[in-house]
Structure formats: C-alpha cells, structure tokens
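Peer 1: Residue numbers for the sequence shown follow the numbering used here, so the first one is 19 and each next one is one higher.
Virtual Cβ for every residue (Gly too), placed ideally from N, Cα, C.
All of these numbers come straight from a predicted model, not from anything done at the bench.
Pasting a structure below so you can have a look.
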Amino acid sequence: MEWFDWIFEVGFGTQILLALLAKYLLYVAFKKASELTAHADANMLTSIVIASFNLVAVYFFVDDVNDFLQAQYDALGIPTLDPAIWDGLPLFVVCIIGIITKDFADYWSHRAMHTKWGWPTHAAHHSDTHVNAFTGLRVHFLESFLMTMAYVLLLTWMQIPEIIPIVALFYAVQGIYIHLDLDWDHGRFKYLFASPRYHRWHHADVPEAYGKNLASVVPLFDVMFGTYYNPGVCKEEMGALKTGVPDKNPLLIYIYPFREWADLIRDEVTKLSEKLRKSRTKS
Ligand SMILES: [Zn+2]
Ligand SMILES: [Zn+2]
19 MEWFDWIFEV
29 GFGTQILLAL
39 LAKYLLYVAF
49 KKASELTAHA
59 DANMLTSIVI
69 ASFNLVAVYF
79 FVDDVNDFLQ
89 AQYDALGIPT
99 LDPAIWDGLP
109 LFVVCIIGII
119 TKDFADYWSH
129 RAMHTKWGWP
139 THAAHHSDTH
149 VNAFTGLRVH
159 FLESFLMTMA
169 YVLLLTWMQI
179 PEIIPIVALF
189 YAVQGIYIHL
199 DLDWDHGRFK
209 YLFASPRYHR
219 WHHADVPEAY
229 GKNLASVVPL
239 FDVMFGTYYN
249 PGVCKEEMGA
259 LKTGVPDKNP
269 LLIYIYPFRE
279 WADLIRDEVT
289 KLSEKLRKSR
299 TKS
C-alpha cells in the first residue's frame, strides 16, 4: 500500500466532504466583504450541484479505467514507453515530468474545446459569473470524462500509472488555487506556474480574452503557441453570458451542449440544403 492510497480508501462521501470543506475554508479565508452576495452564493451552489452530477461517474473509476487501458495495451500489443527509463528517478521528478507532459496534452485539448464544435463540452466551466474556489468543480460530465480518460491514457502509455493518484490530487488543489478571486501574478515566475490572475483572464467575458491562457499549470505553452494574454489586473466581467451560456441554473447548464450541438447541426443542414438548391437552380 502506498502512502497516497488513502485518497481512494476514505470513501466517496468523505472525499466529497473533504473537497467541499477545503474549498469553503479557502473561500472564507480569501473572500472580500464585497463578495458576500446572493450572486456569489447562487453561483457556488450551482458549481456544487454540477460537480455532484459528475463525481460518481468520473473520479471513482480512475483505477478501473487505468486497469482497463493497461489490459488493452497488453492485449493489442500497442507500444508504450519502456518503464525502465524511470528507474532510479526520484518520485517527485517523475511526477513533475508527468504533470508537464499532461499539461502539454491538456493545452491542446483545451484549445480544441475553444473551437465551434468543442465549445459546448467546455461551456459549463465558463458559465460561472463569479469565479472563485468552487469554479474548478464546475465542469460538464462530458469534459470531465474526456480529460480523465486523456491523462490516464497518457500516463499509462508513459508507463507511470502509479503517479495517477498524486497527479489527480495535485490538479484538485491546483484547480482550487487558479480560480481563487485574488490578483496574484507570480512576478518573474508567471510563465512557469499559472497564477489566479492569469486564469482569471481566461474566464473574462471580453472578446480579446476568448481562447487565451489555455494551459492549466505552465503558461509557457501559451507563450510558445501564441495564446498568452495578461495585460494586468483583470476587472472584467466573468462568465459567458454574452455568448448565451446560462450561469445559475444547473439543469440548463447541463443540457447546454446538447442544445448547442443540435443548433449547430441544424445550421449545417440548412447551409447544405441551401447550397444544393442553388446548384440545382443553376443547372
Ligand atoms: Zn476554457
Ligand atoms: Zn477555469
């Protein structure tokens, strides 16, 4: 038994309670008097409801998914990295390499989710008009599932599945930290480690910030691929109300992707039939 196995051993209810308690303590510790509004409470509650939808489905099956993927790799003979390359490296170095590699992969999946067809999956996370410690929990089941599968797949391919629980714990804490309503910027380290200010710009509901600051941990990826945006203190409105994403009704947020995709498909069909009609009248 490893020292971090307690995360999986304590049970589902305890995990949720611990996570919520940690978030609430952080919220209280860092809140400003101006934040104590019904607006903030309603948004926090929405995040908690959405997170509860997801928890059972995703976080609890990480171990099973990992075993399943490993079995597929073995059965299909898909080449993986040679596990021997990690021999002799301290655990924390392996974790850092795992996190940076995952962040690189996450950068591109996050970028894909900021395109027309990907956006519906990710809109739930941007629906919060009061970004705070709880916003990290506000992720649609579809996104949660895809992201979890992606990193388990990646770390299994790298032959370091044993760091999955540590990486999961790191991202849980990091997810709280970058969403705190604080103007922390990390000074000279701001390109190395994502700050609350950097991620606040990602949630700003202004066109110049749309699709910017896509990395979760290493902003350097944004600098490298031209999506870094951090002009100073972020005092813009949060959320995605301007693009029609509701902010407080969990049910509407949950069904948003399906309605949005239905609209997109309808648009495409209309465009296509319009094209066909035109080409027919021409000929
Ligand atoms: Zn985003
Ligand atoms: Zn966020």
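Taking 7 Å as the cut-off, is the CB of THR153 close to at least one heavy atom of ligand 2?
Peer 2: Reading the sequence shown from its first residue, position 135 is the one you call residue 153. The closest heavy atom of ligand 2 lies less than 7 Å from the beta carbon of THR153.
Peer 1: In chain order, what residues of the same chain have a beta carbon less than 8 Å from the beta carbon of LEU99, not counting five sequence neighbours either side?
Peer 2: The sequence position of residue 99 within the sequence shown is 81, counting from 1. Taken in chain order, the residues that qualify are TRP175, MET176 and GLN177.
Peer 1: Could you compute how far the alpha carbon of HIS158 sits from the alpha carbon of HIS144?
Peer 2: For the purposes of this step, residue 158 is identified with residue 140 of the sequence shown, where counting begins at 1. For the purposes of this step, residue 144 is identified with residue 126 of the sequence shown, where counting begins at 1. Between HIS158 and HIS144, the C-alpha separation is close to 10 Å.
Peer 1: Candidates LYS296, LEU269, LEU63 and TYR272: which alpha carbon is nearest ASN150's?
Peer 2: Along the sequence shown, read from residue 1 onward, the residue named residue 150 stands at position 132. The option with the nearest alpha carbon to ASN150 is LEU63.
Peer 1: For the pair the region 93-112 and the region 208-224, tell me if three or more CB-CB distances fall below 8 Å.
Peer 2: no
Peer 1: Have a look at the DSSP bridge pairing and note the partners of MET242.
Peer 2: Against the sequence shown, residue 242 aligns to sequence position 224. In the DSSP output, where bridge partners are listed per residue, MET242 has none listed.
Peer 1: Any chance you could list the residues with Cβ under 7 Å from a heavy atom of ligand 1, keeping chain order?
Peer 2: HIS128, MET131, HIS132, HIS140, HIS143, HIS144, HIS220 and LEU232
Peer 1: Tell me, please, whether the region 235-246 touches the region 276-284 by the rule of three or more beta-carbon pairs shorter than 8 Å.
Peer 2: no
Peer 1: DSSP state of MET256, grouped into three classes?
Peer 2: Residue mapping note: residue 256 aligns to position 238 of the sequence shown, counting from 1. It is a strand residue.
Peer 1: Could you tell me if PHE86 is buried or exposed, where buried requires 16 or more neighbouring beta carbons within 10 angstroms of its beta carbon?
Peer 2: Position 68 of the sequence shown, counting from 1, holds the residue named residue 86. That one is exposed.
Peer 1: In angstroms with no decimal places, state the Cα-to-Cα distance between LEU172 and PHE188.
Peer 2: Your numbering for residue 172 matches position 154 in the sequence shown. Your numbering for residue 188 matches position 170 in the sequence shown. Distance between the alpha carbons of LEU172 and PHE188: 16 Å.
Peer 1: Is ILE283 buried or exposed, if buried means 16 or more other CB atoms sit within 10 Å of its CB?
Peer 2: Along the sequence shown, read from residue 1 onward, the residue named residue 283 stands at position 265. Exposed is the call here.
Peer 1: For the region 173-209, which segments carrying the alpha helix (DSSP H) assignment without a break, of at least 4 residues, lie completely within its bounds, in sequence order?
Peer 2: 182-197
Peer 1: Ligand 2 heavy atoms versus the CB of HIS148: any closer than 7 Å?
Peer 2: If you number the sequence shown from 1, residue 148 lands on position 130. False, no ligand heavy atom lies under 7 Å from that Cβ.
Peer 1: Taking a contact to mean a Cβ-Cβ separation below 8 Å, would you say ASP146 touches ASN61 in this structure?
Peer 2: In the sequence shown, the residue the question calls residue 146 occupies position 128. In the sequence shown, the residue the question calls residue 61 occupies position 43. Yes.
Peer 1: Can you tell me which residues form a DSSP beta bridge with ALA222?
Peer 2: The sequence position of residue 222 within the sequence shown is 204, counting from 1. Answer is MET256, bridged to ALA222.
Peer 1: For ASP121 versus PHE239, is the C-beta spacing smaller than 8 Å?
Peer 2: Walking along the sequence shown from the start, residue 121 turns up at place 103. Walking along the sequence shown from the start, residue 239 turns up at place 221. The answer is yes: Cβ separation under 8 Å.
Peer 1: Can you tell me which of the three DSSP states LEU294 falls into?
Peer 2: Locating residue 294 in the sequence shown gives position 276, counting from the first residue. In the structure shown, LEU294 sits in a helix (DSSP, three-state: H, G or I).
Peer 1: Can you give the beta carbon distance from SER65 to LEU155, rounded, assuming they're within the 8 Å contact cut?
Peer 2: Here residue 65 refers to the residue found at position 47 when the sequence shown is read from its first residue. Here residue 155 refers to the residue found at position 137 when the sequence shown is read from its first residue. 5 Å between Cβ atoms; contact.
Peer 1: Compare the C-alpha of ALA40 against each of VAL191, MET256, LYS293 and HIS221 and name the closest.
Peer 2: As a position in the sequence shown, residue 40 is number 22, starting the count at 1. The shortest CA-to-CA distance from ALA40 to any of VAL191, MET256, LYS293 and HIS221 is the one to VAL191.
Peer 1: So the alpha helix (DSSP H) HIS128 belongs to, where does it begin and stop?
Peer 2: Your numbering for residue 128 matches position 110 in the sequence shown. Segment 109-131, the alpha helix (DSSP H) holding HIS128.
Peer 1: Would DSSP call THR261 helix, strand or coil?
Peer 2: For this step, residue 261 is matched to residue 243 along the sequence shown. THR261 falls in the helix class under three-state DSSP.
Peer 1: Which residues in the same chain as SER127 place their Cβ atom closer than 8 Å to its Cβ, once the five residues preceding and following it in sequence are excluded?
Peer 2: Taking the sequence shown and counting its residues from 1, the one referred to as residue 127 is at position 109. LEU164, MET165 and ALA168, listed in sequence order.
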